[in-house]
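Residues 2 to 177 in our numbering are what the sequence shown spells out, letter by letter.
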Amino acid sequence: MKKFIPRQEHRLGPTEAGVTVLDFFDFECLHCAEAEHPLRQVLDAFEGEVALVVRHFPLTESHAWANAAALASEAAANQGKFWEMHDLIFQYQNDLSTEMLLGLAVELGLDTDQFEADMKNADTQARLDQDLDEGERLGVDGAPCIFVNGVRLEDEITFESLSRAVSGLLSPEKAA
């Protein structure tokens, strides 16, 4: 039986947002990095009405550093720097290594001893496993995979496709 680890929800936007965009991603995935821009654009365009929640879905069979990068982001989250680490890892996704991830922790001013310990902690891996399990239950088979209020986005991930999905869920006066 797997140990249950309370999830640290990685969210941008209000908890009471009318629309939640759920993004299953892999730090080594080029398409995931490309999806970041339209996801953030939608947050800005529908400020206060949309929240972005992310879940790890490292594709370890094809991306050797995806799991380590996800662990690094969770270790940074333990020190309140998930989004900062998230953005830096995507920025340097082609250069991932243990040394680079540790260098990012230094750049963010993290306690590196705690960071390294958290990366090796079984509870940190258990959080990633929970994300993977959730993705598999939802039928996620690759990354990025986007859900808008629980409905899988089948279109290409663009500002336009996300805006259409979000607008369709907001009341007419809020979507305008």
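Quick reminder that beta carbons are idealized off the backbone N, C-alpha and C, glycines included. Keep in mind that this is a model prediction, so the values were computed, not measured.
- Val152 counts as exposed, since fewer than 16 other beta carbons sit within 10 angstroms of its beta carbon.
- Counting of Cβ neighbours within 10 angstroms places Gly136 among the buried residues, the total reaching 16 or more.
- When C-alpha distances from Phe26 are compared across Glu35, Ala18 and Val20, the shortest belongs to Glu35.
- Inclusion of Trp66 and Glu29 in the CB contact set at 7 Å is warranted, their separation being smaller than that value.
- Judged by beta-carbon spacing, Ala18 lies beyond the 7 Å limit of Val43, meaning their Cβ atoms are not closer than that value.
- Leu31 sits in a helix when the DSSP states are folded into three classes.
- Asp132 places its beta carbon less than 7 Å from that of His57.
- Counted as a single uninterrupted DSSP element, the alpha helix (DSSP H) harbouring Ile90 occupies residues Phe83 to Gln92.
- DSSP places Phe58 in the coil class of the three-state scheme, outside both helix and strand.
- Exclusion of the five residues before and after Glu37 leaves Phe91 as the residues of its chain whose Cβ lies within less than 7 Å of its Cβ.
- For Thr61 and Thr99, the gap between their C-alpha atoms comes out near 16 Å.
- Asn68 sits buried, since 16 or more C-beta atoms from the chains shown fall within 10 Å of its C-beta.
- Here Lys82 has Leu109 and Leu111 as same chain residues with Cβ atoms under 7 Å from its own Cβ, once five neighbours each way along the sequence are excluded.
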